[in-house]
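Written below as structure tokens is the structure these notes are about.
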Amino acid sequence: MPQKTLLLVTVGSPPSALVNGLQEPLATHLGVSTVVSRMALSSPAYAFNKDRGQYHCNAIMRRLGTVLEESPQDLVMGVTDADLFEPDSPFVFGQADRESKVAVMSLYRLRQGAEGETLRRRVQVEAVHQAGHLIGLSYCEDSRCVMFFPQSPQDVDRKSLGPCNVCRNELNRLNR
């Protein structure tokens, strides 16, 4: 199976150094080649829910889907600094949809109590997690696996940058 390519698109104004720092861990841990888009999407005012004071990730993902249609890449992931939500959750770090090949991840909650190297690592872990969903991996019960479902920034801190052996075997199976 040919290597998947992922287009990284900034949504709003996340720091470019954090976005550019995602290429190496995505290639190393998932075998995903990445391209950082020169085109950025503006702050997602269209996705803002005034009752919650947050941004609906599905609205952002729909917009990212239109970017993917015009791109030679297989997958797209938006990276934003907006606080994301899903209707049944108080917040989400990110969301991925395998069917549409679109994901979005947010730095907003990952910044809690973090800067510098800690923040960089959290962002990389979350990007690998969302890209893992895009290429077919499911949630994992191992709290140290990158595919574990995190509910706090501390959960992200406990995770490794790569998949556990079970998920790595699944990744190998998916890449055949």
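What the sequence shown shows, in numbering that gives the first Met the number 0, is residues 0 to 175, in sequence order. Cβ atoms here follow ideal geometry from the backbone N, Cα and C, with glycine treated the same way. Here the structure is a predicted model, which is why all the values come from computation and not from measurement.
Worksheet item: Is it right to say M0 is buried, meaning 16 or more other beta carbons lie within 10 angstroms of its own, or is it exposed?
Response: For the purposes of this step, residue 0 is taken as residue 1 along the sequence shown, with counting starting at 1. Residue confidence for M0 is low, a pLDDT of 48 falling below 50, so the modelled location carries little weight; the figure read from the coordinates is stated next. M0 should be labelled exposed.
Worksheet item: Touch check for the region 110–117 and the region 64–72: three-plus C-beta pairs under 8 Å?
Response: no
Worksheet item: Is it right to say T27 is buried, meaning 16 or more other beta carbons lie within 10 angstroms of its own, or is it exposed?
Response: On the sequence shown, position 28 is the one that residue 27 refers to. By the 10 Å Cβ count, T27 comes out exposed.
Fill in: Within 8 Å, strictly: CB atoms of V122 and L136
Against the sequence shown, residue 122 aligns to sequence position 123. Against the sequence shown, residue 136 aligns to sequence position 137. Result no, Cβ atoms of V122 and L136 do not sit closer than 8 Å.
Discussion item. Let me confirm a value: T33 is counted as buried when at least 16 other C-beta atoms fall within 10 Å, else exposed. Which label applies?
Written reply: Here residue 33 is taken as the residue at index 34 of the sequence shown, counted from 1. Buried, since its Cβ has 16 or more Cβ neighbours within 10 Å.
Worksheet item: Exposed or buried, what is G161 when buried is set at 16 or more other beta-carbons lying within 10 Å of its beta-carbon?
Response: The residue given as residue 161 occupies position 162 in the sequence shown. Answer is buried; the Cβ neighbour count reaches 16.
Discussion item. Can you check which of these residues, L7, R172, A39, L25, is closest to R120 by C-alpha distance?
Written reply: Residue mapping note: residue 120 aligns to position 121 of the sequence shown, counting from 1. The shortest C-alpha separation from R120 is found at L25.
Worksheet entry | Rounded straight-line distance, which links the Cα of H132 to that of A95 | Along the sequence shown, read from residue 1 onward, the residue named residue 95 stands at position 96. Along the sequence shown, read from residue 1 onward, the residue named residue 132 stands at position 133. Distance between the alpha carbons of A95 and H132: 6 Å.
Fill in: Spatially closest choice to R51 from S88, Q129, G20, by CA coordinates
The sequence position of residue 51 within the sequence shown is 52, counting from 1. With distances taken between Cα atoms, R51 lies closest to S88.
Discussion item. Distance cutoff 8 Å, beta carbons only. Does C56 sit that close to anything in chain C?
Written reply: Checking the listed chains, one finds no chain C in this structure; it contains a single protein chain.
Worksheet item: Does the distance from the CB of V177 to the CB of P152 come in under 8 Å?
Response: Nothing can be reported for residue 177: it is not among the residues displayed for the chain, which extend from 0 to 175.
Discussion item. Less than 8 Å between the C-beta atoms of V103 and M60, yes or no?
Written reply: Here residue 103 refers to the residue found at position 104 of the sequence shown. Here residue 60 refers to the residue found at position 61 of the sequence shown. Taking 8 Å as the Cβ cut-off, V103 and M60 qualify as a contacting pair.
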